[in-house]
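A.B. asks: In our numbering, the protein residues as written are 35 to 266.
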């Protein structure tokens with residue numbers, strides 16, 4: 035299974051975000067302390083190894099069920115923008131039909147701003163509904179964390195299409211590594227559908243960041259997942 039995650043991301047090079055390098059926030063700005071934190075990196079590796087163990091364990095039964103529910107690839111990947119706009123390929127257990135990306139234009143966007151969300155998205159499979167409610171669909175991202183492309187706690191990784199529409203204050207979201215969880219996931223998850231509110235919470239995370247605060251957000255996320263708060 036590790037070989038699957040090592041799939042080349044060279045195709046993502048065409049998604050390099052030119053705008054970030056001409057953006058006024060990207061020059062002469064010191065690196066956020068969370069990016070330099072050795073403690074945070076050690077915590078990321080430790081949690082990622084545990085998470086990947088769980089991921090490998092559940093992958094086989096998920097694949098078996100998927101063969102009956104909606105046959106196709108076990109994993110889904112999408113190019114996202116990480117620290118300072120660097121593109122990477124983010125992994126998930128597939129929760130939608132195989133040709134979901136081609137059907138996106140047929141689904142109404144219920145969110146405000148530069149995000150896409152539909153609580154009753156018809157592209158989500160029956161298995162996918164379970165994976166999303168339990169957040170199991172996110173578990174392959176522990177590989178992204180181990181690779182250093184993501185962190186356990188950070189900001190939501192945007193798509194290149196979203197970043198191309200950013201206004202100046204939105205760029206600040208890219209001053210830290212993207213995370214599997216973060217301020218808005220721990221405090222609302224999918225119940226938050228306003229992009230500006232997400233930006234505000236992401237920037238607030240950067241201001242409040244500390245080793246202890248990361249641990250608090252991890253605990254709050256686990257609690258939210260177990261209680262299915264804001265899940266869809």
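Idealized CB from N, CA, C, for every residue including glycine. It should be emphasised that the depicted structure is a prediction, and the values quoted were computed from it without experimental measurement.
Can you tell me the Cα-Cα spacing of residue 104 and residue 262, whole angstroms?
C.D. replies: So the alpha carbons of these two residues sit roughly 24 Å apart.
A.B. asks: In the DSSP assignment, the alpha helix (DSSP H) including residue 235 goes from what residue to what residue?
C.D. replies: Start and end: 229-242.
A.B. asks: Name the residue from 228, 167 and 125 whose alpha carbon lies nearest to the alpha carbon of residue 214.
C.D. replies: Here the closest residue by C-alpha is 125.
A.B. asks: Are there three or more Cβ pairs, one per stretch, closer than 8 Å when the region 201-210 is compared with the region 166-179?
C.D. replies: At 8 Å Cβ cutoff, the stretches do not touch.
A.B. asks: Three-state secondary structure (DSSP) at residue 188?
C.D. replies: Coil, per DSSP.
A.B. asks: Whole angstroms are fine: how far does the CA of residue 179 sit from the CA of residue 79?
C.D. replies: Rounded to the nearest angstrom, the two C-alpha atoms are 7 Å apart.
A.B. asks: CA-CA distance, residue 113 and residue 94?
C.D. replies: Their backbone Cα atoms lie some 25 Å apart in a straight line.
A.B. asks: Under three-state DSSP, which class holds residue 173?
C.D. replies: Here residue 173 sits in coil by DSSP.
A.B. asks: Just the Cα atoms here: how many angstroms apart are residue 257 and residue 120?
C.D. replies: Straight-line Cα distance between these residues: approximately 31 Å.
A.B. asks: What did DSSP end up calling residue 77 once you bin it into helix, strand or coil?
C.D. replies: Residue 77: helix per DSSP, three-state reduction.
A.B. asks: Please state whether DSSP places residue 107 in a helix, a strand or coil.
C.D. replies: Of the three classes helix, strand and coil, the one that applies to residue 107 here is coil, per DSSP.
A.B. asks: From the DSSP output, in three-state form, read off residue 214 for me.
C.D. replies: Residue state, collapsed to three classes: strand.
A.B. asks: Quick one: using the 10 Å Cβ neighbour count with 16 as the cut-off for buried, is residue 244 buried or exposed?
C.D. replies: Exposed, because fewer than 16 other Cβ atoms sit within 10 Å of the Cβ of residue 244.
A.B. asks: If residue 190 sits next to residue 162, beta carbons under 8 Å apart, how far is it from one beta carbon to the other, in whole angstroms?
C.D. replies: Not confirmed; about 19 Å, so no contact.
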